[in-house]
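Chains as they are written, first to last, in UniProt numbering: chain C, 1 to 277; chain D, 1 to 314.
Okay, here's the thing in structure tokens:
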């Protein structure tokens with residue numbers, strides 16, 4: 001099953017992207033680049049739009065905004081149910097905070113979290129925007145054989161990013177990063193051991209979480225990894241139910257305005273637009 | 001990065017970290033990236049810690065710290081400057097969401113001070129009294145990303161050429177009147193739609209006419225949009241105004257005086273956040289528009305005596 005392309009006659013899985021705010025259109029774009037039909041990348045704003053989905057992505061953005069809006073329209077319990085049902089969920093940046101069981105550095109009064117991922121995240125671990133950065137990190141073994149030319153590194157963009165400062169035993173670490181100079185390390189020191197690396201990507205069963213933004217790069221390997229998690233999980237579950245659900249839950253929104261421009265390009269793709277070279 | 005040339009800065013997505021293993025700070029991708037994380041959200045003007053907390057609780061994606069909201073700047077007149085850093089620092093400590101602050105147009109020292117505070121975004125804003133009536137700040141010289149106002153495509157591209165990583169329409173701040181914001185969104189996005197139908201041979205003269213760099217004009221044609229995130233601002237006062245901006249094709253909304261000059265700021269702030277998240281859902285828009293109390297007093301822009309902040313720079 002693993003590593004093998006899905007047979008052609010099996011319908012593609014339907015993947016939801018929480019579309020309250022943030023980089024949801026970038027995620028939809030990356031999923032399409034992985035070969036997912038456009039109508040199978042579903043923007044989720046209301047509880048009923050979760051029906052018939054095989055996996056869910058919680059994008060980057062402001063986790064407090066997402067939590068606020070999701071709480072007010074009853075989406076939060078539906079998201080919890082979705083996650084608890086054992087279907088794959090992937091959080092990037094704000095999505096990682098949303099999935100975490102414990103978060104440090106929250107706003108006064110705390111914020112609603114989806115939970116489920118047995119980690120402690122530190123919100124804005126790397127500091128404010130002045131400390132945002134991009135870097136190349138060694139490709140974890142989970143990402144190998146997922147297309148591309150088996151690049152030994154992957155590009156990671158950190159924007160006011162969180163980090164995982166503590167994890168439970170069932171959580172697998174996919175990627176770590178050297179602590180940048182000038183980073184507040186006070187929380188990392190609490191573990192009582194000398195730590196000069198901090199965790200930035202993890203997997204716990206069907207939950208995937210990254211502190212950086214694969215949706216802002218042209219590298220589709222992280223999305224391929226998630227697609228494979230979703231496909232494998234769906235195959236394990238009832239395949240018949242999956243087929244029958246293909247027509248359920250259409251968005252109840254008015255048709256999108258035809259004058260809405262396209263979304264921003266994925267980085268690197270735009271290089272071909274550099275006419276001055 | 002110091003040599004962030006026009007080509008790099010403008011195209012933005014040139015991969016500067018390709019060969020380097022060391023982290024690259026403040027690349028254009030990182031600057032634009034934060035704006036991408038704000039998309040679909042509302043950025044609210046706040047003048048103190050209490051308002052900043054209300055904005056955060058309502059679900060704002062960022063707050064804009066300033067001394068007086070535009071409506072008060074209009075009423076009181078005088079010279080409007082960058083806010084006291086103490087106040088900005090207090091707001092930064094009070095909230096976890098990104099904090100923006102305004103510098104006067106062309107006042108690069110105010111921008112240096114804002115960068116030293118460690119906020120997240122600088123708004124080079126026509127709402128403050130311009131310090132330089134000819135030149136804008138060379139924004140490539142800064143680690144922090146900038147947002148700038150525009151009324152049309154040429155103005156937007158001139159700001160991007162100077163290094164702006166995010167664009168907002170100017171609208172007419174502090175009026176509670178959305179007509180100018182609509183005009184500027186129509187103008188900017190309409191010109192991009194026209195551009196897409198042009199022959200490549202025609203772009204040179206078009207770039208000259210709109211006074212924009214040719215490479216950025218080409219890039220807009222290719223992308224069918226601005227190469228950076230594009231918010232609406234200036235006169236948004238109701239949830240319907242905010243959703244109008246979103247349906248017209250903006251990526252998010254700035255709300256200045258519209259919230260804290262209204263009868264029930266907390267409720268209106270929440271309603272506008274909901275309206276931007278569900279901008280295509282008339283039922284939600286109807287629900288959140290109910291019982292909001294008094295909106296801010298609007299200013300009729302047909303009155304020629306009203307100061308046009310949008311015309312302060314080009």
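Idealized CB from N, CA, C, for every residue including glycine.
- With a threshold of 7 Å between beta carbons, residue 165 of chain C makes no contact with chain D.
- Under the three-pair Cβ rule at 8 Å, the region 119-127 of chain D does not count as touching the region 182-195 of chain D.
- Contact residues of the region 18-30 of chain C toward chain D are 19, 20, 21, 22, 23, 24, 25 and 26 (C-beta to C-beta distance below 9 Å).
- Under the DSSP definition of a beta bridge, residue 138 of chain C partners with C/153.
- Of all residues in the region 115-145 of chain D, only 115, 118, 119, 120, 121, 143, 144 and 145 come within less than 9 Å of chain C when Cβ atoms are compared, listed by chain position.
- Of the candidates C/143, C/94 and C/33, the residue whose Cα lies closest to the Cα of residue 122 of chain C is C/94.
- In this structure, residue 39 of chain D and residue 229 of chain D form a Cβ contact; the two beta carbons are roughly 6 Å apart against a cut-off of 8 Å.
- With contacts defined as CB atoms closer than 7 Å, residue 260 of chain D and residue 43 of chain D fail to qualify as a contacting pair.
- The alpha helix (DSSP H) runs lying completely inside the region 54-83 of chain C and spanning 4 residues or more are 63-72, given in chain order.
- Using a Cβ-Cβ cut-off of 7 Å, residue 69 of chain C is close to 59, 273, 274 and 277 of chain D, given in chain order.
- In the assembly as shown, residue 50 of chain D is an exposed residue. Its beta-carbon has fewer than 16 other beta-carbons within 10 Å.
- Less than 7 Å divides the Cβ of residue 313 of chain D from the Cβ of residue 130 of chain D.
- Taking the C-beta atoms as reference points, residue 227 of chain D is found nearer than 7 Å to residue 219 of chain D.
- C/208 is the residue among C/208, C/220 and C/232 whose C-alpha sits nearest the C-alpha of residue 91 of chain C.
- Within chain D, the residues placing a beta-carbon under 8 Å from that of residue 216 of chain C are 29, 33 and 36, ordered along the chain.
- Looking at D/152, D/127 and D/109, the one whose alpha-carbon comes closest to that of residue 138 of chain D is D/109.
- C-alpha of residue 87 of chain C to C-alpha of residue 233 of chain C: approximately 7 Å in a straight line.
- Taking 7 Å as the cut-off, the Cβ atoms of residue 98 of chain C and residue 50 of chain C do not count as close.
- DSSP places residue 138 of chain D outside both helix and strand once states are collapsed to three, so it counts as coil.
- Residues of the region 131-146 of chain C with a C-beta atom less than 8 Å from some C-beta of chain D are 131, 132, 133, 134, 135 and 136, listed in chain order.
- Here residue 135 of chain D is exposed, its C-beta having fewer than 16 other C-beta atoms within 10 Å.
- Taking a Cβ-Cβ cut-off of 8 Å, residue 216 of chain D has no neighbours in chain C, whose nearest Cβ is about 10 Å from it.
- For residue 170 of chain D, the secondary structure class from DSSP, reduced to helix, strand or coil, is coil.
- Here the alpha carbons of residue 310 of chain D and residue 126 of chain D stand approximately 6 Å from one another.
- Note on geometry: alpha-carbon atoms of residue 277 of chain D and residue 114 of chain C lie some 19 Å from one another.
- Close partners of residue 86 of chain D in chain C (Cβ separation under 9 Å) are lacking, with about 17 Å as the shortest Cβ gap.
- The contact set of residue 197 of chain C on chain D, defined by CB atoms closer than 8 Å, is empty, because the minimum CB distance reaches about 13 Å.
- For residue 302 of chain D, DSSP records no beta bridge to any residue.
- Counting C-beta pairs with one atom in each stretch, the region 157-176 of chain D and the region 231-249 of chain D have three or more that are closer than 8 Å, which means they touch.
- Distance from the CA of residue 35 of chain C to the CA of residue 15 of chain C, rounded to the nearest whole angstrom, comes to 12 Å.
- With a threshold of 7 Å between beta carbons, residue 249 of chain D makes contact with chain C.
- Under the three-pair Cβ rule at 8 Å, the region 195-206 of chain C does not count as touching the region 68-78 of chain C.
- In the three-state DSSP reduction, residue 279 of chain D falls in the coil class, being neither helix nor strand.
- In this structure residue 79 of chain D is exposed. Its beta-carbon is surrounded by fewer than 16 other beta-carbon atoms within 10 angstroms.
- According to the DSSP secondary-structure assignment, residue 121 of chain D is paired through a beta bridge with D/100.
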